[in-house]
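Asker: Residue numbers (our numbering): 82 to 354. Ideal placement from N, C-alpha and C gives every residue a C-beta, glycine not left out. Please read all numbers here as calculations on a predicted model, not as lab measurements.
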Amino acid sequence: MLSRVAENIYWLARYVERAENTARLVRVNSHLVLDTPRGITPGWEPLVYITGLDEHFFAVDREVNERNVVRFLIGDMNNPGSILRSLAAARENCRTVREVLPRSSWEKLNELHLFAKEHIQSGLTKGGRDAFLDGIISGSQAITGLLGSVMYRDAAWQFARIGRNLERADMSTRIIDVRSTDLFPDDLPESGSLDTLQWISVLRSLSGYQSYRRHVAIRVSRADVLAFLFHDSIFPRSVLHCINAVDESLGELENTGAAMRCVHTLQRKLRHT
Numbered sequence: 082m083l084s085r086v087a088e089n090i091y092w093l094a095r096y097v098e099r100a101e102n103t104a105r106l107v108r109v110n111s112h113l114v115l116d117t118p119r120g121i122t123p124g125w126e127p128l129v130y131i132t133g134l135d136e137h138f139f140a141v142d143r144e145v146n147e148r149n150v151v152r153f154l155i156g157d158m159n160n161p162g163s164i165l166r167s168l169a170a171a172r173e174n175c176r177t178v179r180e181v182l183p184r185s186s187w188e189k190l191n192e193l194h195l196f197a198k199e200h201i202q203s204g205l206t207k208g209g210r211d212a213f214l215d216g217i218i219s220g221s222q223a224i225t226g227l228l229g230s231v232m233y234r235d236a237a238w239q240f241a242r243i244g245r246n247l248e249r250a251d252m253s254t255r256i257i258d259v260r261s262t263d264l265f266p267d268d269l270p271e272s273g274s275l276d277t278l279q280w281i282s283v284l285r286s287l288s289g290y291q292s293y294r295r296h297v298a299i300r301v302s303r304a305d306v307l308a309f310l311f312h313d314s315i316f317p318r319s320v321l322h323c324i325n326a327v328d329e330s331l332g333e334l335e336n337t338g339a340a341m342r343c344v345h346t347l348q349r350k351l352r353h354t
């Protein structure tokens, strides 16, 4: 396989996953805003730092509020990590390697890109945001599922799997980080119930709430949620599961010794954390 083709497939998978998980990140904070008692509002500024895009955001003189942060993360084409920019980049990468991928994946990606462009203004409103984000998430999952069900398990598939799981591991930690940025003061009378609410929101943002309740515990607690999302080797959005998947794909490719040593170091670090 040409290195150019491998790189394009790798980044295609990462960009699709990035669009989905950015949508999840915005959605979990939006739901926290709706679910918290009046007068207690989680901030939007932490999302800019969680995505690592603070330099891009503050390069323009603008107020840090809900509207500006949501616009920046969803539809700002000058933001390399926005949903719209990620889908445009995924589409461009897909266009250059159409002969390697199933034809239906190009069509699905085009449909998702057009959906994002046509509904971006609705997605910026409070009333239309949930429907827009759900459309991005379901569209991204449709592409991932399509590739998983029909793509030949050759080197192209392994590079797509590596890209998807690296991006998922990275963004899972960023979504967990929503809770770690002190959204609410600890001295509030409602701090106990708010703490539970926030961890439930984190689990739901990773589609892990039902799995957690079935396989870990009925009660949602910080320690158990963190152990589940970092250490569980079966849940597909846990960090360890994603890194293990990268390890498996690297094992199917040639000349991956240096990369595998990095992955094995990360696996040990995760297990001992």
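#1: Measuring CA to CA, which of Ser-111, His-194, Asp-328 and Leu-195 is closest to Gln-279?
#2: Ser-84 to Ala-169, Cα distance in whole Å?
#3: Between which two residues does the alpha helix (DSSP H) containing Ala-326 stretch?
#4: Can you tell me whether DSSP reads Trp-125 as helix, strand or coil?
#5: Should Trp-125 and Val-150 be called a contact, given that it needs their Cβ atoms to be closer than 9 Å?
#6: Suppose contacts are defined by Cβ-Cβ distances below 9 Å. Is Ile-90 in contact with Val-181 by that definition?
#7: Take Leu-227 as the anchor and find which of Ala-241, Asp-215, Ala-236 and Leu-214 has the nearest alpha-carbon.
#8: Give every residue of the same chain whose Cβ lies closer than 8 Å to the Cβ of Leu-351, excluding the five residues on either side of it in the sequence, and list them in chain order.
#9: How about Thr-132 and Gly-162: are their beta carbons less than 9 Å apart?
#10: In the structure shown, what three-state DSSP assignment does Ile-131 receive?
#11: If I'm right that Ser-186 touches Ile-224 with Cβ under 8 Å, what's the distance once you round it to whole angstroms?
Answerer: Looking at the atomic coordinates:
#1: Residue Ser-111 is the option with its Cα nearest to Gln-279.
#2: The alpha-carbon separation between Ser-84 and Ala-169 amounts to approximately 21 Å.
#3: Looking at the DSSP string, the run of the alpha helix (DSSP H) that includes Ala-326 is 320–332.
#4: In the structure shown, Trp-125 falls within a coil segment according to DSSP collapsed to helix, strand and coil.
#5: For Trp-125 and Val-150, yes; Cβs fall inside 9 Å.
#6: Taking 9 Å as the Cβ cut-off, Ile-90 and Val-181 qualify as a contacting pair.
#7: Scanning Ala-241, Asp-215, Ala-236 and Leu-214 for the CA closest to the CA of Leu-227 turns up Ala-241.
#8: Here the set comprises Phe-311, His-312, Val-320, Leu-321 and Ile-324.
#9: In this structure, the beta-carbon distance from Thr-132 to Gly-162 falls below 9 Å.
#10: Here DSSP, grouped into helix, strand and coil, assigns Ile-131 to helix.
#11: Indeed they touch by this definition, with Cβ atoms about 6 Å apart.
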